[in-house]
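A short write-up of the structure that comes next.
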Amino acid sequence: MDKFESSCGFLTKFIAWLLVALAAGCGGGQDSILGSGGIGNPGGAAPTVTATVPSATTPIVTGVAINSKITATFSKDMAPATINSPATAFTLACPAGAPVAGTVAYVAASRVATFSPTGNLPASTTCTATIATSAQDTTGRALATAFVWRFTTGATADATRPRVALTVPAANALGVATNTQIIATFNEAMDPATITGTTFTLTGPGTTAITGVVTYAVGARTATFTPTATLAAGTLFTATITTGATDLAGNALAGNQAALPAASNFVWNFTTGAGTDTTPPTITLLNPTNLATGVCLEKRVNATFSEAMVPQTITTTTFTLQLSGPPLGPLLGGTVAYDVQNNVATFTPTSALAVNTNYTATVTTGAQDLAGNALASNRVWTFTTGNQSCLPLPPALGLAAPFAIAANAGVTNTPTVPITTINGNVVLDPVTGATCNAVQINAAGGFGLCGGSPPVINGQVISPLFPDAGATSGAIINDLQAAFLSITPPAGPPAAGSLGGATPIPAGTTLGEPTGSALVQGDNLFAPGVYQSLTSILITGDLTLDAQGDPNALFIFQSSSTVGTAAGAASPAPHTRILLINGAKASNVWWQAGTSATLGLFSEFQGNLLASESITMVTGATSCGRLLAGGFAAGAFVFDSNVVSVPGNVNAPPTCN
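This is the structure in structure tokens:
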């Protein structure tokens with residue numbers, strides 16, 4: 023191609039660019055000669071890194087387990103010898119300039135390279151991982167530039183077993199298409215080398231083994247079993263993932279047995295229908311929308327599919343972004359992730375978009391559903407940037423990130439059955455506040471006697487009596503208080519914060535309406551943004567937060583006094599609920615209380631709640647989200663038969679993310 027360019031000059035270049043533009047505009051695939059790299063890329067496009075664990079995000083991932091492996095997924099089949107052998111192809115330094123000893127392995131079926139440190143990583147340290155340009159694809163084409171990302175370790179090792187969070191087909195599903203692929207999504211990143219045809223199997227009828235190919239998608243945390251032949255109609259099949267499947271810390275799978283966390287197989291059944299699925303998937307939601315203007319510069323581009331897709335077909339090859347033409351510009355660098363639960367693909371550009379510039383996004387027919395059906399045609403849309411940043415950024419919790427509960431004036435827990443469960447760590451500070459039911463907690467990372475009624479905790483209690491390996495309870499509380507002020511309005515209360523520009527919530531307005539009510543923006547429906555009440559916030563009935571197809575959409579609610587949820591009755595009776603739709607996640611929802619907060623009887627709360635003072639949970643209330651009291655002043659915590667989970671915690675409910 024280089025020789026062709028040099029001999030034919032500018033006119034040939036223009037014609038080639040025009041062909042690319044026509045291919046995109048007419049719904050065709052990428053040009054077989056130009057490839058995805060366009061002009062000047064002999065041998066096709068250079069390989070790229072499409073996903074990493076820990077994720078290459080801004081702000082960087084924190085709290086990474088010190089015994090974790092590191093992975094990188096490529097856009098093309100790579101030459102294993104160029105990744106496994108050279109000591110400089112995949113490296114890790116903790117901190118920068120301090121190389122970490124380890125080994126590298128490449129899993130060809132999944133295009134994943136894994137760096138395994140020879141020992142634990144240093145605690146509370148910022149690490150730098152690098153994929154060098156010596157890594158080459160099977161045609162000898164190297165990365166165009168080195169791929170570098172950073173993350174920060176936590177204080178402890180990961181000893182929690184991974185679990186299967188979602189399967190497609192679902193357990194006991196009927197009428198499943200005979201040409202389906204089978205997928206299982208895990209609640210944490212897995213070691214790709216352990217997701218194989220030995221650890222993920224399919225049988226039916228009975229114990230008859232079904233042959234197939236097993237792959238693993240890092241960004242989606244999903245294993246896919248692809249049968250080599252159409253399944254028999256009207257037949258019961260059994261899918262099994264064995265304890266040979268481990269997470270990146272080497273913990274074996276905790277299956278679907280009653281007693282956790284013992285290691286065991288995960289097993290589920292489904293029954294096929296009479297025929298195959300031949301209906302192409304569609305894209306139902308775009309973010310930004312087609313022809314959108316004023317798009318912020320760090321925007322991630324999203325496409326929501328009508329049905330479950332094969333994660334391995336949602337890559338930087340099938341989901342691209344480029345400058346609009348004519349002629350179309352070269353493809354932008356970036357990574358692609360697929361959210362299995364919400365069927366949302368996300369393209370994250372490597373760097374900020376240009377000011378006041380038109381971009382073209384494309385999802386090609388290479389994207390396939392679980393029956394192998396491709397999109398009927400490429401989906402192409404355009405949008406134009408503005409000149410503003412995508413602020414605010416998610417609050418930086420720092421050392422407080424893995425904590426479900428915080429208090430600096432003690433904890434009170436009632437003996438009501440069922441006893442409260444906490445999925446995450448707890449921080450209590452200072453010594454005078456390190457009490458549970460007015461009894462001093464122990465120095466072993468637990469609640470101790472707690473007046474005879476300690477909560478159940480899947481984590482540790484950090485206090486002045488039990489500092490973790492990386493930080494004291496005082497340092498954790500300091501990070502919590504900094505995060506609280508970062509989402510507090512400039513005028514407060516309780517003090518001057520740093521997040522202004524909120525949309526006002528009218529004084530005296532309660533949020534939410536009874537189940538089944540029409541959705542009204544600003545009442546029981548909210549789009550992503552920052553919202554402020556100069557009085558209090560009380561949620562009644564159902565409150566819906568709509569991410570509009572963007573799983574990174576941020577919601578921040580500021581209250582000058584209290585945050586609360588109205589009392590209700592146990593499900594299925596009416597009770598207060600926060601509902602997340604179109605990709606919204608509890609991890610991206612934040613509530614700031616200028617004084618205290620109370621979650622009412624049996625309410626279902628979603629999001630991270632940071633209160634200046636105390637937090638009370640009434641009987642049966644649950645929270646998918648951190649509840650951190652003492653954000654500015656003295657704050658106690660009161661429990662009564664509750665469940666509180668850090669979103670994404672391995673012990674949290676599968677839908678809590």
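Under our numbering, the sequence shown is numbered contiguously, ending at residue 679. By construction, the Cβ of each residue, glycine as well, lies at the ideal position given by its N, Cα and C atoms.
When Leu415, Ile217, Asn464, Asn89 are compared, the shortest CA-CA separation from proline 550 is found for Leu415. In this model, leucine 165 and asparagine 106 are separated by some 15 Å (Cα to Cα).
Between the alpha carbons of valine 83 and asparagine 312 lies a gap of roughly 31 Å.
For alanine 231, the CB contacts under 8 Å within the same chain, skipping 5 residues up- and downstream, are Thr223, Leu224, Thr225 in chain order. Taken atom to atom, the span from the alpha-carbon of asparagine 309 to that of glycine 571 is near 6 Å. Only exposed fits valine 377, as fewer than 16 other CB atoms lie within 10 angstroms of its CB.
If you ignore the 5 residues before and after alanine 127, its C-beta comes within less than 8 Å of the C-beta of Asn106, Ala135, Thr136, Ser138, Ala215, all in its own chain and listed in chain order.
With fewer than 16 neighbouring CB atoms inside 10 Å of its own CB, leucine 196 falls in the exposed class. In this structure glutamine 390 is not in contact with isoleucine 509, their Cβ atoms being roughly 41 Å apart against a cut-off of 8 Å.
Under the three-state reduction of DSSP, cysteine 412 is assigned to coil, being neither helix nor strand. In the structure shown, serine 508 adopts helical secondary structure according to DSSP, grouped into three states.
Shown here for serine 558: same chain residues with a beta carbon closer than 6 Å to its own, the five before and five after excluded, namely Ser581, Ser583, Thr584 in chain order.
Look at glutamine 203 here: in three-state DSSP terms it is coil, with no helix or strand label. Between the alpha carbons of valine 198 and methionine 331 lies a gap of roughly 15 Å. In this structure, the straight-line span from the alpha carbon of glycine 605 to that of phenylalanine 548 is close to 13 Å.
With distances taken between CA atoms, cysteine 458 lies nearest to Ala431 out of Ala431, Thr72, Pro440. Distance check between proline 424 and each of Ile204, Leu502, Ala588 places Leu502 closest, using alpha-carbon atoms only. Residue pairing by DSSP places alanine 195 opposite Phe292 in a beta bridge. In the DSSP secondary-structure assignment, aspartate 361 is bridged to Val366. A direct Cα-Cα distance of roughly 16 Å separates serine 90 from leucine 275.
Counting only residues of its own chain and dropping the five nearest sequence neighbours on each side, asparagine 273 has a CB closer than 7 Å to the CB of Asp180, Ala181, Thr182, Arg183, Pro184.
Relative to the Cα of glycine 652, the nearest Cα in the group Pro675, Leu541, Ala422, Thr641 belongs to Ala422. Proline 452 counts as exposed, since fewer than 16 other beta carbons sit within 10 angstroms of its beta carbon. The C-alpha of isoleucine 479 lies about 12 Å from the C-alpha of alanine 674. The beta carbon of threonine 200 is closer than 6 Å to those of Thr252, Leu253, Ala255, Thr294, Thr298 in its chain, skipping five residues each way along the sequence. Straight through space, the alpha carbons of alanine 193 and threonine 260 are spaced by roughly 10 Å.
For serine 609, the closest of Cys678, Pro476, Ala242 by C-alpha to C-alpha distance is Cys678. If you draw a 10 Å sphere on the C-beta of proline 121, you find fewer than 16 other C-beta atoms in it, and that means exposed. Of all alpha-carbon atoms in Thr525, Pro515, Phe624, Lys607, the one lying nearest the alpha-carbon of glycine 563 is that of Phe624. Excluding its 5 nearest sequence neighbours in each direction, alanine 505 has C-beta neighbours in its own chain below 6 Å: Pro417, Leu419, listed in chain order. Between tyrosine 238 and phenylalanine 247, the alpha-carbon positions lie close to 9 Å from each other.
In chain order, Pro76, Phe173, Thr174, Thr175, Gly176 place their CB closer than 7 Å to the CB of valine 86, counting only its own chain and leaving out the 5 sequence neighbours on each side. According to the DSSP assignment, isoleucine 105 belongs to the alpha helix (DSSP H) that extends over 102 to 106. Between isoleucine 205 and threonine 189, the C-beta spacing is below 8 Å. Here threonine 326 is buried: its Cβ has 16 or more other Cβ atoms, across all protein chains shown, within 10 Å. With the rule of 3 Cβ pairs closer than 8 Å, the stretch 335 to 355 counts as touching the stretch 366 to 381.
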